[in-house]
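Beneath this line is the structure, given in structure tokens, with notes to follow.
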Amino acid sequence: MTAPASSLHVRLARDDRDLRAAQALRYRVFIEELGGSGPMVDHDARLERDAFDPYFDHLLLVDSWRDPDAGDHVVGACRLLPDTRLAEAGQFYCDDEFDLTALRRSGRRLLEMGRSCVDPAHRGGFGMLQIWQGLAEYALAREVDILFGAASFHSPDPRDWAQPLGWLHHHHLAPEGLRTCARQAPQPAVLPGDALDRKQALMAMPSLIKAYLRLGGMVGQGVFVDHAFCTTDICIILDTAALSRGARALAQRAEQAR
């Protein structure tokens, strides 16, 4: 049964119990549902985790109807690394997949977001809007200018995603001053603009990426095939001022529809 909106709230992880619940959700989504893996995945405990987790803040969508002691109270999660904590982490997670030189040289305050996932019962609903609002508030409180992170198409063959990848390249490519570049060669050919079908491209595009676009998101140059997670990754780049405006607008529309 889907929880009512009144039982859902967004907050940062407070303790190891919260973190393990987020990692358990990530396991259900990224490992069981999407078929991924990784060197630190704990299949016995059913936890998806990696070496970056201790350095990130973990923004959680919590269902207050569920028992935290049972470890299933987290129904949405994403992890956040502000550039003020970069010295501790050693690098951004995305550094392994994308050249972030343009972002670093921009002089803007950066926030990396990753491992975003939502329980199937709450996808596309009010809970997702709460996550966007929580993310906007987190960025505003830390005076972040640019949010970025890897977003995934769920197969490791970019040819499966030629239409949406072509659409993103031709219509949502970030300006040079903010444009990341994938660290993988050779890159797949990009469909020419006259070969694109807007409806087909958007239908094939993951809902999370479409949500970023509605909030003003842009993409970097190229793709990175993550064989461990069985995904084709792009780098999403978003001005946090647009995120704040977009999150408010989405929340207002949702409230009017209720």
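All you need for the numbering used here is the position in the sequence shown, starting with 1, plus 28. Quick reminder that beta carbons are idealized off the backbone N, C-alpha and C, glycines included.
So residue i is in the alpha helix (DSSP H); what residue range does that whole segment cover?
{"i": "residue 184", "result": "That residue, residue 184, is in no alpha helix (DSSP H); it is neither H nor E in DSSP."}
{"i": "residue 74", "result": "Where residue 74 is concerned, there is no enclosing alpha helix (DSSP H), given that its DSSP letter is neither H nor E."}
{"i": "residue 114", "result": "114 to 117"}
Between which two residues does the beta strand (DSSP E) holding residue i run?
{"i": "residue 70", "result": "Counting along the chain, residue 70 falls outside any beta strand (DSSP E), and DSSP gives it neither H nor E."}
{"i": "residue 237", "result": "Premise fails: residue 237 lies in the alpha helix (DSSP H), 235 to 242, not in any beta strand (DSSP E)."}
{"i": "residue 105", "result": "102 to 110"}
{"i": "residue 39", "result": "36 to 40"}
{"i": "residue 91", "result": "85 to 91"}
Near residue i, which residues of its chain fall below 7 Å by C-beta distance, leaving aside the five closest residues on each side in sequence?
{"i": "residue 131", "result": "138, 174, 176, 206, 208"}
{"i": "residue 221", "result": "198"}
When you compare the CB positions of residue i and residue j, do they come within less than 7 Å of one another, or not?
{"i": "residue 83", "j": "residue 117", "result": "yes"}
{"i": "residue 91", "j": "residue 34", "result": "no"}
{"i": "residue 260", "j": "residue 181", "result": "yes"}
{"i": "residue 210", "j": "residue 126", "result": "yes"}
{"i": "residue 253", "j": "residue 184", "result": "yes"}
{"i": "residue 85", "j": "residue 53", "result": "no"}
{"i": "residue 105", "j": "residue 88", "result": "yes"}
Here's a check: name, in chain order, each residue in its chain whose Cβ is nearer than 8 Å to the Cβ of residue i, leaving out the five neighbours to either side.
{"i": "residue 224", "result": "191, 194, 195, 198"}
{"i": "residue 200", "result": "241, 245, 246, 247"}
{"i": "residue 122", "result": "128, 140, 142, 176, 177, 178, 208, 263"}
Please work out which residues of its chain come closer than 6 Å, Cβ to Cβ, to residue i, disregarding the five sequence neighbours upstream and downstream, and give them in chain order.
{"i": "residue 237", "result": "179"}
{"i": "residue 257", "result": "64"}
{"i": "residue 229", "result": "191, 192, 195"}
{"i": "residue 55", "result": "74, 75, 76"}
{"i": "residue 265", "result": "176, 202, 206, 246"}
Using only the alpha-carbon positions, how far apart do residue i and residue j sit?
{"i": "residue 141", "j": "residue 270", "result": "16 Å"}
{"i": "residue 99", "j": "residue 51", "result": "10 Å"}
{"i": "residue 262", "j": "residue 69", "result": "23 Å"}
{"i": "residue 154", "j": "residue 37", "result": "10 Å"}
{"i": "residue 46", "j": "residue 102", "result": "7 Å"}
{"i": "residue 158", "j": "residue 120", "result": "25 Å"}
{"i": "residue 9", "j": "residue 151", "result": "This structure leaves residue 9 out entirely; the chain is present only between 29 and 286."}
{"i": "residue 29", "j": "residue 215", "result": "At residue 29 the pLDDT is 49, less than 50, meaning the model places this residue with poor confidence; the figure from the coordinates comes in the next sentence. Distance between the alpha carbons of residue 29 and residue 215 is about 44 Å."}
{"i": "residue 79", "j": "residue 204", "result": "31 Å"}
{"i": "residue 49", "j": "residue 169", "result": "25 Å"}
{"i": "residue 285", "j": "residue 149", "result": "Per-residue confidence for residue 285 stands at a pLDDT of 49, beneath the threshold of 50, marking its modelled position as unreliable; the derived number appears in the next sentence. About 19 Å."}
{"i": "residue 227", "j": "residue 95", "result": "42 Å"}
{"i": "residue 93", "j": "residue 187", "result": "43 Å"}
{"i": "residue 255", "j": "residue 72", "result": "22 Å"}
{"i": "residue 219", "j": "residue 231", "result": "17 Å"}
{"i": "residue 189", "j": "residue 235", "result": "14 Å"}
Give the list of continuous alpha helix (DSSP H) stretches no shorter than 4 residues that lie fully inside the region 129 to 176.
As far as the region 129 to 176 is concerned, its whole alpha helix (DSSP H) runs of at least 4 residues are 129 to 133, 154 to 169.
Could you name each continuous beta strand (DSSP E) segment of 3 residues or more that falls completely within the region 199 to 268, going from the start of the chain to the end? 252 to 254, 259 to 267
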